[in-house]
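Note sheet for the following structure.
Encoded structure:
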């Protein structure tokens, strides 16, 4: 039996199989679907067990960061406070209520690593994301616009401006990163200096409509980015959705994985969120929050 239990697209199998013995075709079909399922499981934006792309991209830089952290810690410059039996230190960044500023910093750092450690031989520019073809401002674009990597603080400033002006939430930032990595996987492209802004804008545009309670219209973004037209925003949204194959679902398991991987990235880069001693009042709020979220 060929691919028992599967009603999926046998028309996807190449026509070179025509004339091949049935037994051999059955083996080939099974292998085809095995690798199709394997590819799905290796996509972090769809499968909770697959490692996030940004964490993998950052690994080449993290070892140096860890060595510096070790030196700083042993020279008494570490400011991290550790919990004890009598005192628990917590930040205000939880999976159900992430800290907005901290989350945007983490997401901008993830995007920075995507750009910095991109595949030099990979396909980078699709026309819809090319800032030379679709500029976000009337300022003159330099000739080497697709060569100079942006600094992490510039990425943070761009995202923060959009989130602040549109009054978006931290959860929306995490979903933005999920959509971004899903796009890179589905479209088989890399982020580079010439396309990152429009890719991020498209991901934020979708995330704000799908995830945020207060929907932000395309025209609202034109009030933030003064030189962009509604028609351009509509086209960006349409092509982004098509490249995502209209898969805008983000299960809780995927969301949680991205949240915790962002925390790992922050820790590896010595990016901390201020902690405070856990008070009785805050402990009660956390307990109530658990019942609200999971009850």
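In the UniProt record's numbering, the protein residues as written are 1 to 295.
C-beta atoms are modelled at their ideal positions from N, C-alpha and C, and glycine is treated no differently.
Indicate whether residue i and residue j have their beta-carbon atoms separated by less than 8 angstroms.
i	j	result
residue 195	residue 125	yes
residue 262	residue 94	no
residue 174	residue 113	no
residue 182	residue 45	yes
residue 53	residue 243	no
residue 209	residue 219	no
residue 169	residue 212	yes
Answer with yes or no whether the minimum CB distance from residue i to chain E is below 8 angstroms.
i	result
residue 133	The displayed structure is made up of one protein chain only, and chain E is not part of it.
Straight-line CA distance for residue i to residue j?
i	j	result
residue 199	residue 269	24 angstroms
residue 99	residue 172	12 angstroms
residue 267	residue 254	20 angstroms
residue 147	residue 118	12 angstroms
residue 162	residue 223	10 angstroms
residue 165	residue 50	34 angstroms
residue 247	residue 214	21 angstroms
residue 229	residue 256	35 angstroms
residue 167	residue 58	29 angstroms
residue 26	residue 251	Note that residue 26 scores 48 on pLDDT, short of 50, meaning its location in the model is unreliable; the coordinates nonetheless yield the value given after this. When rounded, the distance between both Cα atoms is 34 angstroms.
residue 152	residue 61	14 angstroms
residue 231	residue 245	21 angstroms
residue 188	residue 121	12 angstroms
residue 56	residue 143	31 angstroms
residue 191	residue 271	23 angstroms
residue 145	residue 249	33 angstroms
residue 43	residue 106	21 angstroms
Excluding five sequence neighbours on each side, which residues of the same chain lie with their C-beta closer than 7 angstroms to the C-beta of residue i?
i	result
residue 138	227
residue 141	131, 132 and 135
residue 280	none
Assuming residue i contacts residue j (C-beta within less than 8 angstroms), just tell me the rounded distance between them.
i	j	result
residue 225	residue 128	So it is not a contact: roughly 16 angstroms between Cβ atoms.
residue 186	residue 207	The pair is not a contact, with the Cβ atoms about 16 angstroms apart (cut-off 8 angstroms).
In chain order, what residues of the same chain have a beta carbon less than 6 angstroms from the beta carbon of residue i, not counting five sequence neighbours either side?
i	result
residue 155	108, 111 and 112
residue 159	104 and 108
residue 238	none
Whose C-beta lies closer than 8 angstroms to the C-beta of residue i among residues of the same chain, with five residues either side of it excluded?
i	result
residue 221	162, 166, 201, 205, 228 and 233
residue 150	112, 115, 193 and 196
residue 296	No information on residue 296 is available, as it lies outside the stretch 1 to 295 that the chain covers here.
- Could you pull out every unbroken alpha helix (DSSP H) segment of at least 4 residues lying fully inside the UniProt domain "Cyclin-like" (157 to 242), listed in chain order? Inside the UniProt domain "Cyclin-like" (157 to 242), DSSP marks whole alpha helix (DSSP H) runs of 4 or more residues at positions 170 to 187, 196 to 210 and 218 to 224, from first to last along the chain.
- Write down every uninterrupted run of the beta strand (DSSP E) in the stretch 97 to 160 whose length is 3 residues or greater and which is fully enclosed by it, in chain order. Whole beta strand (DSSP E) segments, 3+ residues: zero.
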